[in-house]
Each structure stands twice: as C-alpha cells, then as structure tokens.
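Residues in the sequence shown are numbered from 7 upward in steps of one, following my numbering. Heads up, the beta-carbon is just placed ideally off N, CA and C, and yes, glycines get one too.
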Amino acid sequence: MNKNSTPSSSSTQNKNSFSSPSRESKKPLFFGLSNSLKNFLILSSLVIIIAYLILLALNNSTANYFLPYFFRSDFSTNTKSEMAEENNSWKQAKSIYEFSAKDIDGNLVELSKYKGRVVLIVNVACNCGFTGSNYPQLSELYKKHEKDGLSVLAFPCNQFGGQEPKPEAEIKEFIKQFDVKFDMFSKINVNGDNAHPLYKFLKSKVDGTFGNFIKWNFSKFLINKEGIPVKRYSPTTKPLEIETDILKLLEGKSV
C-alpha cells in the first residue's frame, strides 16, 4: 500500500467514534456527578434519616443529646441547687397548678392562679419566621375569649436557632407592636436537662411527632379547666386554627 494513501471514509468515522465522546456522555448527571456517586449520596441520606427517626422513637433523652445545637442550650434560669430540688418533682404532678414560673418582670407566679380557666401555653421568640403571624393571632384570641375564661402564657426561649437573644426588658419593648395583653414570662429552656419543670411535665403528658421534645418556636399546648394538658400543636399551626378547640373547652366539652 502507498504510504501516502489516505484512510477510507469508514475507517475515519470509526476512529472519530472512539476519539470523541458522544453527546449523551457530555450531559451532566446530577450536577456533573456520576451515577454511582449519585446513588451513594441518595443511599447515605436515607440511612441518616432512618437512623435519626429510630433514635427519636427509641429514646427521647438520647435524641435530645444528639440533636443539633438549636434544639439544646446551656442557658439556664435556675441555680444548680434549685435544679436538683426540682429535677424529678414534675413527675408527681397531676396538673399545671403544681408549678410556678417567673413572669417577664422576675416575679414568681403560681400557676394555680389559672384554676378553672382554659390555658394556651406557647414558647415564643422575637426573631423567628413565625413571630409576625403568631403574636398578632395570639393577641386576637386572648382579646376575644379572655372574658370567657381563656388565658395565654408565653415563655420566651432561645434554644431554637438563637432567635430569642434579647433580655426580658427588650422583649417587653419588642412585643408592644403586637399589643400583647396576655401573660409573658421570663426566658426558660424547654428542651434538655435544664428544661423548666413545667415543660418537662407538658411534654410527658402530650407526645409530639417523632418524639416528645419541642421542635421549634411557637409550639403550643392546650390545657383544660382542670389544668391538664389535652392537646399539642406544631409551630406551623396558627393560633386562630386552634380557636375551635378552645371554644369546646370553654363550653366544657372535650377535644
């Protein structure tokens, strides 16, 4: 064969087919990741989610230990001696009337003052995405039904994303824009070993989804006229959506 001869068109096409990737292979798979890596990431995510749910289902105290920082806090309103004394007392409680808490001005309030009333207890925060909708609706509910026997108790808490960093004096100033007339209390913990005894009691009486720990700001507990927690609502439940249940309790009915 002549050394200067050119290859046939078919051999040229075959060569090109090996040297140039096809159009399909140039397309990115899952933002440029290979199929094997994509499958690995999906499988790993599923394993983590399943392990997380099993952890919550098996042991809520263990779950609280391993949850991200915004579900826990070292912030404490009590001394070590007070915590030791109150550590297990909540387990014998029959109603919220056996607890006390400091109001937003630091005065001790016996919750027995709410005997015979329907009570809505909420953990609140000033910098949360739910703040703008919950505070006005809580105020509306209270103004509509306070004379009928409704009390609203709000407990500031900084355990969720650090969204309640303000001291009590600044919280009082902040909520003026919502014309808050219901009872505001001092900052507390609602999760972890240093959770306020009231919240340990509430969580033990009404379970939440995937465990009894508080999930975020503006979780809500509804208490009947006997001081017993009867229902729990997620942070995404708006206060006005609870009005029907509140009316039932005010009328002496069950929910």
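Using a threshold of 9 Å, state whether the C-beta atoms of L264 and L204 are closer than that. Only positions 7 to 261 of the chain appear in this structure, which leaves residue 264 out of reach.
Per the DSSP calculation, N129 is bridged to which residue(s)? F161
Would you call the CB atoms of Y239 and I248 closer than 9 Å? yes
Quick one, are the C-beta atoms of N129 and P162 less than 9 Å apart? yes
Which of the three DSSP states, helix, strand or coil, is assigned to P173? coil
My output table needs one value for P235: the three-state DSSP class, helix, strand or coil. strand
Beta-bridge pairing of I55 - partner residues as DSSP gives them: BP columns for I55 are empty, so no partner.
Assigned exposure category for Q169 - 16 Cβ within 10 Å defines buried: buried
Kindly list the residues whose CB is nearer than 8 Å to the CB of S51, restricted to its own chain and excluding five residues on each side of it in sequence; keep chain order. none
Check whether the Cβ atoms of F224 and L208 lie closer than 9 Å to each other. no
By Cβ distance, which residues of its chain are closer than 7 Å to F136, with the 5 residues on each side in sequence left out? N223, F224 and P241
From L49 to D251, what distance separates their C-alpha atoms? 42 Å
Closest to F219 by C-alpha separation, out of K149, A201 and K231, would be which residue? A201
Per DSSP, D189 forms a beta bridge with which residues? L159
Buried or exposed by the 16-neighbour rule on C-beta atoms within 10 Å, applied to K259: exposed
Interface flag, V261 vs chain D, CB-CB below 9 Å: Of the protein chains in this structure there is only one, and it is not chain D.
Please report the Cβ distance between K211 and P235, rounded to the nearest whole angstrom; I am assuming they are in contact, meaning their Cβ atoms lie under 8 Å. 4 Å
In angstroms, rounded to a whole number, what distance separates the CA positions of F180 and F46? 48 Å
In the DSSP output, which residue or residues are listed as bridge partners for F227? I127 and R238
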